[in-house]
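Notes follow once the structure below has been shown.
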């Protein structure tokens, strides 16, 4: 699973947010699954105003305390237009223009392929010459490849320093 390198412009993402750690997510205090469930159960994919692409949902990792071992925020939401008025319960995350290493999971059950991919990314990021920025990373779930969450394929964008 070798990444492709892309440069993306600034993005504005609105959604529901939690604060957690990878360690917490491996135990009884895991929050990520509940956040995703709430996002869908409360109808945010359809009701978020000013969506740029209604077929795409993003899981944005930001506000890193340090690296993959520290606390971070996860926001599940949609990229929105700059001027979109948003409900008070949604958090807005501004993601600066950046360079990303993009990893594409294999096709399979969402939780399984995401877990596999992140393990690979953590190993990859330890290689010489790889510098993660820990500003913002995100998972991109599109309406075509993720229509069936048991046969999903997800792109994971990892912010990296420009060489």
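In this note's numbering, the protein residues as written are 2 to 164.
For glycine and all other residues, C-beta sits at the position ideal for the given N, C-alpha and C.
Helix, strand or coil, according to DSSP, for residue 105 in the structure here?
strand
Quick check: what's the CA-CA separation for residue 112 versus residue 152?
11 Å
Give me the residue from 142, 41 and 126 with the minimum Cα distance to residue 160.
126
Within its chain, find whatever has a CB closer than 7 Å to the CB of residue 9; leave out the 5 residues flanking it on each side and keep chain order.
98, 99 and 101
According to DSSP, is residue 58 helix, strand or coil?
In this structure, residue 58 counts as strand in the three-state DSSP scheme.
Quick one: which unbroken beta strand (DSSP E) runs of 3-plus residues sit fully inside the segment 97 to 143? Chain order, please.
99 to 105 and 133 to 143
Using 8 Å as the threshold, is the segment 131 to 145 in touch with the segment 57 to 75, meaning 3 or more CB pairs across them?
yes
Specify the secondary structure class of residue 74 as computed by DSSP and reduced to three states.
Reduced to three states, the DSSP call for residue 74 is strand.
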